[in-house]
Amino acid sequence: MPVLPAPNFNGPCLPNQSLSYRRFSILYSLLTVHFSLFTIHRPPLPTVTTACPRNCYSTCGLRVTVEDGRLRQIEPVPENRATDHGACLKGLSYVERVHSPHRLLYPLRRNLSGGFDRISWDLALGTIAERLRAIREEHGPKSLLYYSSSGTKGLLNGVGASFWKLFGGYTTTYGDLCWPAGLEATRLTLGSNEHNAPWDLANAKLIIMWGKNAAETNIHQMTFVDQALQRGAKLVVIDPRRTETAERASLLIQPRPGTDAAIALAVGHELISKKWIDRAFIAAHVHGYDAYVDQVLGCTSQWASQVSGVPKEQIKQLAELIASSAPVTICAGFGMQRYTNSGQTMRAMMALLAITGNIGKPGAGWIFANLRTQVFGEKDPIAFYPPHAPDPLVRVSISTAMLGPQILSTQDPPIKAIWVERGNPIPQNPETPTVIAAFRSVDFRVVVEEVMTDTAREADIVLPAKTFFEQTDVIGAYWHDYLQLRAKVIEPPGEVKPESEIYWLLAERLGISKAEAERHIPTPNDAAVESWLNRRLAHLPGVTLERLREGPIRMPDEHELAFADLTFSTPSGKIELDSSDATSLWSVDRLPSYQEPVESARTGDLSRFPLHLLTPNTKNRIHSQFGHLEMLKAIEPGPVLQMHPADAQCRNIRSGNRIRVFNERGELTVPVRLDRGIRPGCVALHNGWWLQDGGAVNVLSKARETDMGHGAAFHENLVEVEAAK
Amino acid sequence: MDSASNIAPGFIHNLETCVGCHACVIACANENGLEPSRFWRQIVTHNQYRIPDLPVYHLSLACNHCLDAPCIDGCPAVAIERHPKTGAVLIDDTKCIGCQYCSWVCPYDAPKFNASNGVMTKCTLCNHRLLDGRQPACTSMCPTGALSFGAPGSVEGVEVSSYPQFDVRPSIAFLPMTGRQPQPAASGVELPTPEQARAWAELEETALPTSKTTLKSEWPLAVFTFIGIGLVAWVLSAGFGRTLIVPEIALLVGLAGMGLSMMHLGRKERAWRALLNWRRSWLSREVISFPIFLGVSVLWVAFKPDSDVWRMVAVATGVFFLISVDGVYNAMARSWRSKWDERGAAVSAAYLGALIGANILIAFLFGAIRFAGFIGRMKLQAKHRRTGREFFWIVGRIGIGFVLPMVVWGSGATPSILAIAGALAGELIDRLHFYGFLDIVTPRRTMAEALSKKA
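Which chain is which? The protein sequence lines are A and B, in order. Position 370, counted from 1, in the first sequence is what my numbering calls 370; the numbers after and before it change by one each time, with no gaps. Position in the second sequence (from 1) plus 725 gives the number in my numbering.
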């Protein structure tokens, strides 16, 4: 069946256009009704091309069909080669999400009985300005915490920080919930966070999905995995769960969570003792090999087997597979690097590629993060760190991983007001009860939100947030290297205003001069937003909004391979197995090492909390987003704990029973689903459910940092489970 | 396969590359404006408990637009037709009467009842997109390319044992899991001992998915067919020598039965359409023959009781009606069906007729056949793990419905009202039992059955 190209009107669908279109289509359908037996046959509707700005590997292009101001369908954008088959179910569910009855359409103010009343923008902005002025006067501007998270990506997000500087200054967070340990480990080892183009994975002969469930979290990568498997490659999955990705694997290694470094070091030991290494590559491009050899000397497969609970035969088998396959790619997941030992874990994994020469070649390498599109300032993870020289206006003093405790402990000045946008820190940051206590301890809270999240419920004023379909922006990615236009598709519904417009209006009320505001904040109209964006793009030769309208652009160039020239921006210019920075910056071993996690069933009180709670992501949500949609509830109605029947049997639990999962920090009561594929001793509950859903996993987690990068080590989480009464 | 079926368009589903992501389900819902409670497409997963030595795989399923579509033949209202250009099997919602019979004859669970407008809906193969030269939404938006649109007859597909096998030439092909391991990856986690595995299976939910029909939803039809059987028996009994009911009562009971049979229609005002598909649908034939039988037999008894011609016509239309009743249920896509029930309604009428007509030999003969048939049905039911209230059913069907009449009769010379009442009660219980276990095949059910066999 031939596929005809759909008509494509790049750019916003103007109201008059859609109206005349509608008239035309009615006429057309009257004329053509005889062509079709039963359905009224209409020509394809106009489309607008945009891109999905979620915190997700795939960052898909979206070709959106619009009819009468409503999203109707979301089709693939083949010009984005990494996601050319189209968006996942979440991307498709925007058709519901954008028009959901749950959306907040006007400002709300908390009333005395704890509910919310609709108020006008005038009153909302007036109240905010008045409260902020008073707090600034009494405690100074740094008593305001500006907290923004990764809910929606876009260059215009930068307007917030500019505004708060105009306000006189602010306090903000450092570090990140997601991935800093891995980014820092990669930076220390390879100098920068880049990897081969996504489709290059098809060239691999061995793919190791280490702690990554691409089938759910990066579904488009599976296309390239399949291509590699068709060409005879093998897939190894290392994960405590038998995931969807593991169905394709010839080897599934299920370690005790937090012990991956032991496995990696033992594989290194095997490779070296069997001389399965690339001597020439090591000599030319690896720094610290001899010290690494000494480091892994005692790391036998016997030892690693005892530590990780993985049979030593599997460890040897993994070493053999690495040695006998070339090229080898390791795709390292994010969940595994949210432990107190995880930077060192990631370094130990990368060492395996270094000593076997699997860097800088087609089908080889380390796929963790591809920050090639970060061309607008400091790259991650450095961008997360507190500045070397303190900024006079900005106090970067609260660790994201310890948001709750550190809001409470901050002094001189203490935190008196919190502004939250693009984030839902109450269920998503570690130690939810402390985050709630921290929010309740301050005098004034503003949350900009699309729906009534757990965090919005704690606010004094809730401002209705746009969806990304309602303001044009530009986004990068972290798996492929396309810069994409996030084109505006529809007008914001109700009284919704984009953040840039909120700041513009607030600047007026706070007495910031118009000239000053104009320098940093686009005036509230589409043309001003576009010229603001073009100014941000100006330093990139040939990149303009006009060019981006034609299709995604690979940035900064079209290189297929990372580190192809085998130069590394590390202190030694080589791949550093031995890193003095590791010690000087993070006080860890200069070499990759294994350290038992802080919260460990081995070192802790095994009898009280013997189960390891995994809190992985699901295909049905991005962190705490999408869970409220009816479409997705039809697929996953609510939180469920996955548990091995062996663990259920000794606790007298049957599938479907309601259980209490608890530790000394908190508890949840949810139904249980038995799963013979999960490692016994581990239970799993998808993260992202809200307190309102009864499944907010961070009521059980602890606020603490990873060994490097100021990440959140909230995957170290021991619990017990019992039948609910 | 003939050349037409080689190029007939449909779905090609790659078992290897489908990861069960549900994008097709949402793409379909967007395209067709479906409520989440009525998605046309579904993902059916094999081995949800991840039993170590069995693979996990997914089937993405909607309507298979079968070349021998049982829904087209079965629909009494001629509301389902194949589009001449695209080959899509389409329900015309201006003609559908909402009887739901298409969902009974479809083994793929494709037609769904839309309570908001009282008609059936199902996958249209995105006929509107096909007419525009575009592919269906689900195949256009599959992120891995696992679900594609093409000619299933032209590819080398595999038979999936956990998928309903019905001889209706579905337009779907499954591509095999070639690149996958024959067995799931050895995980290093120790395999359970057989005792452990048994204990674990106990903890898992092993119940099969519930049938789409239940006695609670279908009892009016059970009562209607019971009334039909009873009325035919009444007519037959005259041939054996006597009739017990006055025609006015028969007329009222028959009309009440017709009323009951219309209760479940989504669009009662279109009930007349059920007469239209007399060429292909046993349901249409049942709907047509019942009022004719009722009219003829009442007129005969009331006005021409001595006319053999009228009697013959009444008996013939009655028997044809009962053959139609059995035909309706024989054409259903059921996961199990007793051979004995294929002419069950007709045999029951013969038993009751002979009993009313006081012919003990023939009554015993047909009664014994029904008695044996009931036992056969019970045995099949147990084999398919569909149990419940056996004591009630056995005592009701056999004790009251067969043994009691025979004993009562055996002790006296003529059949008493007690014997006939017992036989009628037994027959009603039989109909209720039959309707309570109409286990219609669905892919989800077939998958669950196949897994429970393997495990």
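All C-beta atoms, glycine included, are put in the ideal place defined by N, C-alpha and C. Nothing here was measured: the structure is a model prediction, and the numbers come from that model.
> Which bits of chain B does A:GLU75 rub up against, with CB to CB less than 8 Å?
Replying inline: Here the neighbours are SER865 and MET866.
> Within 8 Å (strictly less), CB to CB, does A:PRO645 reach chain B?
Replying inline: yes
> DSSP beta-bridge partners for A:HIS287?
Replying inline: A:GLU576
>> Here's the rule: buried if 16 or more other CB atoms are within 10 angstroms of the residue's CB, otherwise exposed. What is A:ALA383?
In response: exposed
>> For A:PRO639 and A:THR583, I'd like the C-alpha separation in whole angstroms.
In response: 41 Å
>> According to DSSP, is A:ILE490 part of a helix, a strand, or is it coil?
In response: coil
> Within the chosen definition, does the stretch 340-358 of chain A reach the stretch 178-191 of chain A through at least 3 CB pairs nearer than 8 Å?
Replying inline: Yes: the two stretches touch, three or more of their Cβ pairs being nearer than 8 Å.
>> Tell me the DSSP secondary structure of B:SER1177 in three-state form.
In response: helix
> At a CB-CB cut-off below 9 Å, which residues of chain B make contact with A:ARG72?
Replying inline: ASN755, GLU756 and GLY758
>> Between which two residues does the alpha helix (DSSP H) holding B:GLY1098 run?
In response: 1085-1108
>> Whole angstroms are fine: how far does the CA of A:THR50 sit from the CA of B:TYR826?
In response: 44 Å
> For a contact meaning CB atoms closer than 8 Å, what does B:LEU928 contact in chain A?
Replying inline: PRO645, ALA648, GLN649, ILE653, ARG654, SER655 and LEU674
> Are any of the Cβ atoms in chain A nearer than 8 Å to that of B:THR1167?
Replying inline: no
>> Does chain A have any CB closer than 8 Å to the CB of B:VAL744?
In response: yes
> Quick one: Cα of A:VAL496 to Cα of A:TYR146, how far?
Replying inline: Whole-angstrom Cα-Cα distance: 21 Å.
>> Closest to A:GLY114 by C-alpha separation, out of A:LEU125, A:ALA364, A:GLU458 and A:SER150, would be which residue?
In response: A:GLU458
> With a Cβ-Cβ cutoff of 8 Å, do A:VAL435 and A:TYR170 count as a contact?
Replying inline: no
>> What does the alpha-carbon distance come out to for the pair B:ALA1079 and B:ILE1085?
In response: 7 Å
> Counting Cβ pairs, one atom from each stretch, are 3 or more of them under 8 Å apart for the stretch 500-514 of chain A and the stretch 153-161 of chain A?
Replying inline: yes
> Since A:PRO427 is in the alpha helix (DSSP H), which residue starts that stretch and which ends it?
Replying inline: 425-428
> If you drop the 5 nearest sequence neighbours on each side, which residues of the same chain put their C-beta closer than 6 Å to that of A:ARG621?
Replying inline: GLY627 and GLY688
> If we ignore side chains and look at the alpha-carbon of each, how far apart do A:VAL225 and A:LEU201 end up?
Replying inline: Those two C-alpha atoms are separated by around 7 Å.
> Which value, in whole angstroms, describes the spacing of the CA atoms of A:PRO522 and A:TYR482?
Replying inline: 25 Å
> B:SER896 and B:HIS783: beta carbons closer than 8 Å?
Replying inline: no
> Hey, is B:ASP857's beta-carbon within less than 8 Å of any beta-carbon in chain A?
Replying inline: yes
>> Are the CB atoms of A:ILE426 and A:ASP454 within a distance shorter than 8 Å?
In response: Contact: yes.
> Does A:ALA723 get closer than 8 Å to chain B when you measure Cβ to Cβ?
Replying inline: no
>> Counting only beta-carbon separations shorter than 8 Å, does A:SER325 have a partner in chain B?
In response: Proximity of A:SER325 to chain B, defined by a Cβ-Cβ separation below 8 Å, is not satisfied.
>> Does the contact criterion of 3 or more C-beta pairs under 8 Å hold for the stretch 787-803 of chain B versus the stretch 827-837 of chain B?
In response: Using a C-beta cut-off of 8 Å, the stretch 787-803 of chain B makes contact with the stretch 827-837 of chain B, since at least three inter-stretch Cβ pairs fall below that distance.
> CB-CB under 6 Å to B:LEU1008, same chain, minus the five flanking residues each way: which ones, in chain order?
Replying inline: Excluding sequence neighbours, B:LEU1008 sits near PRO801, TYR826 and VAL1053.
> Under the DSSP definition of a beta bridge, which residues are partnered with B:ALA898?
Replying inline: When DSSP reads this structure, B:ALA898 sits in a beta bridge with B:ILE737.
> For B:PHE1045 versus B:VAL1072, is the C-beta distance shorter than 8 Å?
Replying inline: Cβ distance not < 8 Å, so B:PHE1045 and B:VAL1072 don't count as in contact.
> Since A:ARG72 and A:LEU45 are thought to touch, with beta carbons under 8 Å apart, how far apart are those beta carbons, to the nearest angstrom?
Replying inline: Separation of the CB atoms of A:ARG72 and A:LEU45 is rounded to 6 Å, and the pair is thereby assigned contact status at 8 Å.
>> Let me check understanding here. Comparing Cα to Cα, which of A:GLY711, A:ILE415 and A:ALA197 lies closest to A:ASN80?
In response: A:ALA197
> Taking the alpha carbon of A:ALA465 as the point to measure from, which residue in A:THR173, A:VAL451 and A:ILE272 has its own alpha carbon closest?
Replying inline: A:VAL451
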